[in-house]
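All residue numbers for the sequence shown refer to the numbering used here, where the first residue is 528 and numbers rise by one. Note that the Cβ used here is the ideal one computed from N, Cα and C, for glycine as well. Source: prediction; values computed, not measured. First up is the structure itself, then whatever we jot down about it.
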Amino acid sequence: MFEILLTEEIQAPPEVVWEVITNTAAYPQWNTFVVACESTFQVGDPIHMKVRVLPFMVQPQTETIWRNEPGRLLDYGIKAPLGALASTRQHRLSATPSGGTHYESLFRLEGWFSPVVGLLFGAQLRRGFGEMTRGIANRAMDVNAAVRA
528 MFEILLTEEI QAPPEVVWEV ITNTAAYPQW NTFVVACEST FQVGDPIHMK
578 VRVLPFMVQP QTETIWRNEP GRLLDYGIKA PLGALASTRQ HRLSATPSGG
628 THYESLFRLE GWFSPVVGLL FGAQLRRGFG EMTRGIANRA MDVNAAVRA
């Protein structure tokens with residue numbers, strides 16, 4: 528198993544953070560990892576992404592929405608045949624007493640091929656998910672500041 532779990536305390540309410548995550552048309556403005564994304568976010572529907580795993584290459588990626596609890600959880604991933612590889616991607620949000628958001632970003636690979644993927648691409652995946660997590664936080668705080676102005 529290969530896993531990346533990142534957290535951010537974001538000074539913006541969960542509904543603003545959720546809007547940043549689900550407003551995929553704005554991804555090119557702030558997201559250096561998932562540079563394009565399209566989905567209805569309905570359970571069972573696809574999520575089509577263009578992911579910059581390596582600095583010189585953008586790779587198309589299509590996954591399936593598994594769970595969507597608006598404002599709280601977005602869960603999607605893939606399952607390859609024969610148990611070779613399964614990926615899980617989760618965005619988890621919870622309100623903080625101060626009116627902000629505790630944000631958790633989870634990426635997990637499982638299956639007999641996951642150690643190979645982790646070995647080959649682990650550093651790039653850590654970099655990419657780290658950039659995306661910080662990007663979500665920064666974008667949410669910018670959007671929140673603009674709304675409050």
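For SER641, the enclosing alpha helix (DSSP H) begins and ends at 641-675. Residue environment: PRO540 is assigned as buried (16 or more neighbouring CB atoms within 10 Å of its CB, all protein chains considered). With contact defined as three or more Cβ pairs closer than 8 Å, the region 625-636 and the region 561-570 are not in contact. A residue is called buried once 16 or more other Cβ atoms fall within 10 Å of its Cβ, and ALA664 is buried on that count. In the three-state DSSP reduction, ALA607 falls in the coil class, being neither helix nor strand. Non-local C-beta neighbours of PRO573 in its own chain, meaning closer than 8 Å and more than five positions away in sequence, comprise SER566, THR589, GLU590, THR591 and ILE592, ordered along the chain. Contact annotation, GLY604 with THR615: C-beta distance approximately 4 Å; criterion of less than 8 Å satisfied. Residue pairing by DSSP places SER625 opposite no residue, since no beta bridge is assigned to it. If you draw a straight line from the Cα of GLY662 to the Cα of GLN569, it comes to about 24 Å.
Ranking GLU596, THR628 and GLY655 by CA distance to the CA of LYS577 puts GLY655 first. For the 8 Å CB-CB criterion, ILE531 and LEU652 form a contact. Fully enclosed beta strand (DSSP E) runs of no fewer than 3 residues occupy 573-581, 584-596 and 600-606 of the region 571-618, in order along the chain.
The DSSP-derived three-state label of ALA552 is helix.
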